[in-house]
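**Q** Quick note: the sequence shown, position 5, residue 5 per UniProt numbering, numbers continuous.
Can you read through this structure? Questions will come right after.
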Amino acid sequence: MTPPDDRTHPQYFATHWGTWEAVTENGRLTGVRPWAGDPHPAMIGPGIVEAVHHPSRIRRPAVRRSFLEKGAAAERGSRGAEPFVELPWDEALDLAAAEIDRVRRSHGNEAIFGGSYGWASAGRFHHAQSQVHRFLNCAGGYTASIDTYSYAAVSALTPHIIGHFRKLMLDQATSWDSIAAETELFVMFGGLPLKNAQVNSGGVGRHTARAALRAAHARGCRFVSIGPIRADTMPEIGADWIALRPGTDTALMLALAHVLVREDLHDRGFLARCTTGFERFLPYLMGETDGQPKTPAWAAAITGIPAEAIAALARRMAAQRTMIGLAWSVQRADHGEQPAWMAIVLAAMLGQIGLPGGGVGIGYGSENGIGNPVRPFRFPALPQGQNPVEAAIPVARIADALLDPGGTYDFNGAQRRYPDLRLLYWAGGNPFHHHQDINRLVRALQRPETIIVNEIWWTPMARHADIVFPTTSPVEREDIAMTHWEPLIVAMRQAIPPEGEARDDYAVFAGLAGRLGLEAAFTEGRSAEDWLRHLWDQARQRAAEAGFALPGLAELRAGGPVSLPGPERPAVLLEAFRADPEAHPLETPSGRIEIFSERIAGFGYDDCPGHPVWLEPCEWLGGAEAARFPLHLVSNQPATRLHGQLDPGSVSRASKIAGREPITMHPADAAARGLAAGDVVRVWNARGACLAGLRISDEVMPGVVQLATGAWHDPERRGEPGALCKHGNPNVLTRDKGSSRLGQGPSAHTALVEVARLDGPPPPVTAFDPPELLPRR
Ligand SMILES: Nc1nc2c(c(=O)[nH]1)N[C@H]1C(S)=C(S)[C@@H](COP(=O)(O)OP(=O)(O)OC[C@H]3O[C@@H](n4cnc5c(=O)[nH]c(N)nc54)[C@H](O)[C@@H]3O)O[C@H]1N2
Ligand SMILES: Nc1nc2c(c(=O)[nH]1)N[C@H]1C(S)=C(S)[C@@H](COP(=O)(O)OP(=O)(O)OC[C@H]3O[C@@H](n4cnc5c(=O)[nH]c(N)nc54)[C@H](O)[C@@H]3O)O[C@H]1N2
Ligand SMILES: [Mo]
């Protein structure tokens with residue numbers, strides 16, 4: 001497949017970190033240029049140039065050696081450690097189709113896990129999850145996964161207390177222009193890191209957060225950034241940094257609420273009109289139910305923030321138009337539902353929900369989207385069909401499911417049972433990036449009979465597969481991207497031929513479908529190009545219904561990105577509800593904001609009771625575990641890549657220290673351990689250990705270390721649970737525990753570690769070396 005030659009125009013492509021023009025020479029990608037319409041292109045971008053042709057690309061279908069010899073009877077404990085045998089496409093497809101057929105016939109479709117979480121391509125058609133789901137639905141269905149690693153705790157919570165998380169809290173969030181025009185005080189729990197606003201699932205039109213923050217600042221808005229890391233907020237807006245012990249936001253918010261009540265600064269009118277249950281929360285707040293008033297002095301001991309500073313902040317918040325922002329990170333933690341619920345309660349007490357520039361927002365800066373205009377019509381997508389299998393697991397419970405088939409667990413009011421998973425099909429995600437406690441994951445991945453992975457690169461997940469299909473990268477195929485927020489339409493052009501023998505995910509699944517007699521159902525007789533035309537026709541029709549015209553596909557491909565119109569006036573979250581709560585009730589049981597939730601109380605969960613409470617995290621600096629592991633690990637999102645994607649590329653590799661992921665530590669903590677900048681250090685706790693390169697800076701508070709996610713897992717002995725990761729993947733250290741029985745979200749940000757210098761020469765990093773590849777005998 002060579003690129004089409006209708007290209008006398010710039011060749012654009014879209015990624016989750018922006019829109020780019022491909023520069024090519026002799027069939028190779030040699031550079032990228034950001035789309036000229038983007039005011040603040042992402043630093044991640046150029047990393048793709050080296051990555052696309054990197055030795056870590058998968059170039060041919062490959063099968064784990066003993067799996068080729070013995071099939072599902074092969075030893076499973078050596079997954080991840082064995083060489084692979086490269087096979088011709090037909091043979092590999094035959095093998096995978098036979099495995100899928102065997103498992104569904106002998107164990108039923110429930111035994112196939114197709115949840116396949118992850119951030120695959122930004123294109124509408126070559127979207128690996130849609131492809132794998134459609135294929136498995138044609139084949140009789142699969143066990144699915146529920147929600148995301150990003151915000152599972154809060155999105156389980158909000159329907160009970162305020163409304164649908166994405167539909168209400170994200171799509172209808174108060175817009176940046178409202179904030180720029182009206183907000184006087186922006187209090188940001190978890191900061192507002194522009195490194196994260198580089199990214200948006202499904203692509204980015206313009207990167208807007210920096211300009212919005214600058215405009216608000218220039219108008220006189222003031223910022224308070226609360227969290228363990230000063231660098232979470234860009235310096236030019238001069239935010240006051242309040243260093244807070246990780247995991248203690250709820251205690252701080254409760255104390256702010258306590259001050260509001262004590263000083264009669266809460267908005268009784270708003271609470272009476274627009275909320276329910278304040279009277280059931282108040283006795284807890286004031287200490288009548290548990291003997292502990294949630295005073296600033298009480299919170300000071302938990303959070304490490306002086307009591308006077310807490311009281312002063314509460315008064316400032318009550319005196320001005322205040323926006324409360326909560327980064328998603330804060331809820332990706334043990335009891336992560338609590339800070340999210342309490343942020344909403346605090347905003348309700350201030351009474352500014354529904355006013356321009358005031359209220360609460362969850363995820364400003366966590367992605368570029370939130371606060372930007374939303375797409376003006378429903379975008380077309382590859383139809384996934386119906387899944388006849390009812391079984392589904394909360395996305396972050398995958399290791400639990402594999403280790404405990406048939407086991408019961410609680411989730412959002414229901415008692416459920418884990419299915420007995422025999423075959424995993426992963427396309428477009430990397431559990432060795434996203435899952436917590438990788439050593440436990442390695443044990444869990446020794447359980448299923450068969451693992452099939454479609455991947456572009458030899459990621460650790462691909463190395464743990466039995467059958468691997470090499471897929472094309474976004475610059476090796478034609479697609480269309482349509483960004484959900486800040487809406488932009490981009491014809492993604494194929495700029496270079498596929499690397500090696502890589503095929504599109506669509507071709508892989510069409511090949512499997514053909515072998516299972518499902519080709520007509522899967523393809524509907526369409527080629528990839530036919531599907532693009534079909535999807536584009538739908539887009540044009542829906543646009544026309546919404547009142548505007550889109551060009552034909554050929555014109556779109558020749559003409560470059562197309563911006564879609566935004567709304568005429570700034571969006572204000574819950575504006576109509578505030579004006580008339582009777583006429584515009586919320587989708588909660590009471591129709592109002594629920595400060596106390598009868599429904600949640602009725603679940604009877606001690607880890608998520610009927611109103612927000614402070615619950616000690618299972619690990620935190622104030623807990624007993626801190627005596628052994630005195631440093632809190634913040635494993636936040638990386639500035640130089642998207643998750644594990646492009647880690648082999650130039651931008652990510654330039655950020656490494658001695659080839660390892662940088663870990664940032666406060667000077668006092670480094671001095672106490674006799675460490676110097678540039679040292680290779682060992683980071684460990686009871687769950688695992690990794691190496692990292694030391695960076696020393698007072699931008700992290702004492703007692704906290706920051707090690708971004710995304711370094712490819714590089715164990716000293718592959719396939720062995722507990723092996724030292726030589727490269728710095730923090731998920732060998734994080735805990736694999738649901739946020740609570742309500743949300744069962746991941747709790748990556750709850751983890752303690754210790755750090756010491758590595759004695760002796762550090763072992764070489766081998767993360768990006770492909771596995772041993774054998775020819776077919
Ligand atoms: N410790 C810790 N862990 C975390 C987090 C944290 O804060 N701390 N955050 C969590 C969050 S919020 C998230 S969203 C997850 C992200 O976790 P993932 O989304 O699983 O991480 P990615 O590295 O983006 O994995 C996507 C994979 O899809 C592949 N891919 C891309 N395009 C295609 C394609 O077209 N076809 C195929 N077949 N493959 C493709 C890429 O090569 C890549 O390996 O991580 C979670 N993990
Ligand atoms: N460059 C880049 N951008 C990304 C991504 C990426 O991989 N690379 N991933 C994207 C994805 S999938 C998602 S879900 C979003 C995630 O967006 P977030 O969840 O908001 O991002 P994080 O980087 O995990 O955390 C943001 C900051 O929260 C702070 N923090 C951690 N724990 C606590 C705490 O207990 N209390 C307080 N107050 N603050 C705390 C940390 O200092 C951290 O830097 O980012 C997106 N943006
Ligand atoms: Mo995420």
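Glycine included, every Cβ here is placed at the ideal spot set by N, Cα and C.
Predicted, not measured: the structure shown is a model, and the values here were computed from it.
1. With burial defined as no fewer than 16 other Cβ atoms inside 10 Å of the residue's Cβ, what is the status of Asn26: buried or exposed?
2. Which of helix, strand or coil does DSSP assign to Thr303?
3. Does any heavy atom of ligand 2 sit closer than 8 Å to the C-beta of Pro34?
4. At what residues does the alpha helix (DSSP H) containing Thr250 begin and finish?
5. What's the call for Arg134, buried or exposed, on a 16-neighbour Cβ count within 10 Å?
6. Please name the residue, chosen from Met169, Phe377, His54, that lies closest to Ala343 on a Cα-to-Cα basis.
7. Check the C-beta distance from Leu252 over to Ile324 and give it rounded, since I have them as a contact under 8 Å.
8. For the 8 Å Cβ check, are there 3 or more pairs between the region 523-540 and the region 440-455?
9. So Gln331 and Ala340 are supposed to be a Cβ contact under 8 Å. How far apart are they, rounded?
10. For the region 360-374 against the region 175-185, do three or more pairs of beta-carbon atoms, one drawn from each stretch, fall closer than 8 Å, so that the two count as touching?
11. For Val187, report the span of its beta strand (DSSP E) as first-last.
12. Within the continuous beta strand (DSSP E) that includes Glu25, where are the two ends?
13. Do Leu445 and Trp620 have their C-beta atoms closer together than 9 Å?
14. Is Trp328 near ligand 3, with its Cβ less than 8 Å from a heavy atom?
15. Whole angstroms are fine: how far does the CA of Leu29 sit from the CA of His54?
16. Could you check what DSSP says for Phe411 in three-state terms: helix, strand or coil?
17. Tell me whether the beta-carbon of Pro561 lies closer than 9 Å to the beta-carbon of Leu488.
18. Going straight from the alpha carbon of Ala767 to that of Asn387, what length do you get?
19. Using 10 angstroms around the beta-carbon of Pro565, count the other beta-carbons present and answer buried if the total reaches 16, otherwise exposed.
20. Taking Gly365 as the reference, give the member of Leu93, Arg210, Phe67, Glu69 with the closest Cα.
21. Could you tell me the alpha carbon to alpha carbon distance between Gly413 and Leu254, rounded to whole angstroms?
22. Could you give the C-beta distance for Ser739 and Gly336, rounded to a whole number, given that I count them as a contact under 8 Å?
23. Taking Tyr142 and Gly114 to be in contact with their CB atoms under 8 Å, please state how far apart those CB atoms are, rounded to whole angstroms.
24. By how many angstroms is the C-alpha of Val49 removed from the C-alpha of Leu553?
25. Let's see if you can read the secondary structure: which residues bound the alpha helix (DSSP H) around Trp241?
26. I need the DSSP call for His484, collapsed to helix, strand or coil.
27. Gln637 and Asn200 look like a contact to me (Cβ under 8 Å); what is the Cβ gap, rounded to whole Å?
28. Compute the Euclidean distance between the alpha carbons of His127 and Gly428, then round it to the nearest angstrom.
29. In three-state terms, what does DSSP make of Met323?
30. Please determine, among Phe377, Pro293, Ile100, the residue with the shortest C-alpha to C-alpha distance to Leu256.
31. Give me the Cα-Cα distance between Arg416 and Gln320, rounded to the nearest whole angstrom.
32. Which residue from Val681, Ser116, Ile595 puts its Cα closest to that of Ile162?
33. Give me the residue from Ala756, Phe125, Arg214, Ser130 with the minimum Cα distance to Tyr425.
34. Are three or more beta carbon pairs between the region 67-76 and the region 753-761 nearer than 8 Å?
35. In chain order, what residues of the same chain lie with their CB nearer than 7 Å to the CB of Ala180, ignoring the 5 residues before and after it?
36. Can you list, in chain order, the stretches of the beta strand (DSSP E) that have 3 or more residues and sit fully within the UniProt domain "Molybdopterin dinucleotide-binding" (631-751)?
**A** Let me lay it out:
1. Per the 10 Å Cβ criterion, exposed.
2. Helix, per DSSP.
3. In this structure, Pro34 has its CB at a distance of at least 8 Å from all heavy atoms of ligand 2.
4. Secondary structure note for Thr250: its alpha helix (DSSP H) is the uninterrupted segment 249-262.
5. That one is buried.
6. Minimum Cα distance to Ala343 is reached at Met169.
7. Contact check for Leu252 and Ile324: beta-carbon distance about 12 Å, past the 8 Å limit, so the pair fails to qualify.
8. Too few Cβ pairs lie closer than 8 Å, so no.
9. Sure, about 5 Å apart at Cβ, within 8 Å.
10. Output reads yes: the region 175-185 touches the region 360-374.
11. Residues 185-189.
12. Bounds of the beta strand (DSSP E) holding Glu25 are 18-25.
13. With contacts defined by Cβ atoms closer than 9 Å, Leu445 and Trp620 do not form a contacting pair.
14. The answer is yes for Trp328.
15. Looking at the two C-alpha atoms, the distance is approximately 11 Å.
16. Strand.
17. Their beta carbons are under 9 Å apart, which means Pro561 touches Leu488 by this criterion.
18. Whole-angstrom Cα-Cα distance: 37 Å.
19. Exposed, since its Cβ has fewer than 16 Cβ neighbours within 10 Å.
20. Cα-wise, what sits closest to Gly365 is Arg210.
21. Those two C-alpha atoms are separated by around 26 Å.
22. For Ser739 against Gly336, the beta-carbon gap comes to about 4 Å, under 8 Å, which counts as contact.
23. Rounded, the Cβ-Cβ distance is 3 Å, consistent with contact.
24. Taking the straight line joining both Cα atoms gives about 27 Å.
25. First-last for Trp241: 240-243, but that is the beta strand (DSSP E), not the alpha helix (DSSP H).
26. Collapsing the DSSP output to three states places His484 in coil.
27. The Cβ separation is near 13 Å, so there is no contact.
28. Approximately 8 Å between the Cα atoms of the pair.
29. DSSP, reduced to helix, strand and coil, places Met323 within a strand of the structure shown.
30. It is Pro293 whose Cα lies nearest to the Cα of Leu256.
31. The straight-line gap from Cα to Cα measures roughly 46 Å.
32. In terms of Cα proximity to Ile162, the closest of Val681, Ser116, Ile595 is Ile595.
33. Considering only alpha carbons, the answer is Ser130.
34. Remark: fewer than three beta-carbon pairs, one from each stretch, lie closer than 8 Å, so the region 67-76 and the region 753-761 are not flagged as touching.
35. If we look at Ala180 and ignore the five residues flanking it on each side, its Cβ neighbours are Ala212, Ala215, Ala216, Arg219.
36. DSSP runs (the beta strand (DSSP E)) wholly in the UniProt domain "Molybdopterin dinucleotide-binding" (631-751): 631-634, 662-665, 680-684, 689-696, 704-707.
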